[in-house]
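Novice: Basically my numbering = 1-based index in the sequence shown + 2.
Ideal placement from N, C-alpha and C gives every residue a C-beta, glycine not left out.
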Amino acid sequence: MKKVLLTVTFVCLAFLSYSLDTTSNRQFKPMKGTFTTQVGFALITNAPNVLSMGLNGRYFIKNKLAIRLTLMVNKDKQVENFDEFPDGTGGSGKFTSDMMINQLFLGVEKHFRGTSRLSPFIGLEVGYGAGKLKETGENSNGNSYMPAYSEESTMKISQINSGAFLGFDYWITHGLYLGIEYSFFGHFAFKENRSSKTMTQLGTTVTEYTPEFKANGFTTVNAVPFLRLGWTF
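Shown next as structure tokens:
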């Protein structure tokens, strides 16, 4: 619901701006030679343990055409708790999955006329990311409670992404804007390096090895909006 309300708010701002606009559509928006920076956050309101944020720099090579470089930081930490008995009594266990991936994207944005404050755009970008997934279990293997048990594994991850996006910037005043961006099509190539998992139960330690895994595919619409706050130099 928060996502819907935020999207509706921006649409209303855009409509109001269009209705009341009487000035040149280049009064607030960047021109050729302008450099802008921004911070952004993915609005994942139903996942409090997920952090997805980015830093972005744009350079307008033409009045309505910009190249951009984006650094994305994605962190997803999930903790599951397990009880020995259904009523919550007895021993307890915990399984933690902690993933961190950093990505660097190079892209291009094509802006359209809009209004003096509103700048809609579409674009393409390609990026590379790397990180790791660490899993630890304390009296649990991630499925149930297991007494005197522990496990730990670390897996290195890399991925290549390419895709298209659309969005708009709304210039609040000279040099400061808010915006929203959606990804609507993309391709990804994902690789998990060979990894090992060490498990200990009742004093006995066993190590398992997982072979390298690769996957690739396409994404269509990313329903999570990306809120942008930016400024010019």
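Using a Cβ-Cβ cutoff of less than 6 angstroms, which residues in the same chain neighbour Phe43 once the five nearest sequence positions on both sides are dropped?
Specialist: On the sequence shown, position 41 is the one that residue 43 refers to. Excluding residues within five positions, the ones whose Cβ falls inside 6 angstroms are Met55, Leu229.
Novice: Bridge partners for Arg70 per DSSP, in chain order?
Specialist: Locating residue 70 in the sequence shown gives position 68, counting from the first residue. The partner list for Arg70 (beta bridge, DSSP) reads Arg60, Gly109.
Novice: Just the C-alpha distance for Ser26 and Gly116, rounded to the nearest angstrom, thanks.
Specialist: Residue 26 sits at position 24 when you count from the first residue of the sequence shown. Residue 116 sits at position 114 when you count from the first residue of the sequence shown. Note that Ser26 has pLDDT 45, beneath the 50 cutoff, so the model's placement of it is unreliable and the number below is only indicative. Between Ser26 and Gly116, the C-alpha separation is close to 11 angstroms.
Novice: Starting from Lys193 and walking both ways along the beta strand (DSSP E), at which residues does that stretch end?
Specialist: As a working mapping, residue 193 is identified with position 191 in the sequence shown. Where Lys193 is concerned, the enclosing beta strand (DSSP E) stretches over 178-194.
Novice: For Thr24, which residues of its own chain have a beta-carbon under 7 angstroms away from its beta-carbon, when the five flanking residues on both sides are left out?
Specialist: Indexing the sequence shown from 1 puts residue 24 at position 22. With a pLDDT of 44 at Thr24, under the threshold of 50, the modelled position of that residue is not reliable, and the figure given next carries that caveat. Excluding positions up to five away in sequence, the list is empty.
Novice: Sort Arg196, Leu168, Tyr172, Phe192 by Cα distance to Tyr184 and report the nearest one.
Specialist: For the purposes of this step, residue 184 is identified with residue 182 of the sequence shown, where counting begins at 1. With distances taken between Cα atoms, Tyr184 lies closest to Leu168.
Novice: For the candidate residues Arg70, Thr221, Gly139, whose alpha-carbon lies nearest to that of Val110?
Specialist: Here residue 110 corresponds to residue number 108 of the sequence shown, with the count starting at 1. For the residues Arg70, Thr221, Gly139, the minimum Cα distance to Val110 belongs to Arg70.
Novice: Note down, in chain order, each residue of its chain lying with its Cβ closer than 6 angstroms to the Cβ of Phe235, except the 5 sequence neighbours on either side.
Specialist: As a first step, residue 235 must be located in the sequence shown, where it is residue number 233. Closer than 6 angstroms at the Cβ level, and outside the excluded window around Phe235, lie Phe37.
Novice: Helix, strand or coil for Met33, going by three-state DSSP, please let me know.
Specialist: Taking the first residue of the sequence shown as position 1, residue 33 is located at position 31. If DSSP states are grouped into helix, strand and coil, Met33 belongs with coil.
Novice: Leaving out the 5 sequence neighbours to the left and right, which residues in its chain are closer than 6 angstroms to Phe62 when beta-carbon positions are compared?
Specialist: For the purposes of this step, residue 62 is taken as the residue at position 60 of the sequence shown. For Phe62, where only same-chain residues beyond five positions count, the Cβ hits under 6 angstroms are Pro32, Lys34, Thr36, Ala68.
Novice: Exposed or buried, Gly92, counting other C-beta atoms within 10 Å across all chains shown (16 or more means buried)?
Specialist: Locating residue 92 in the sequence shown gives position 90, where the first residue counts as 1. Exposed: under 16 other Cβ atoms inside 10 Å.
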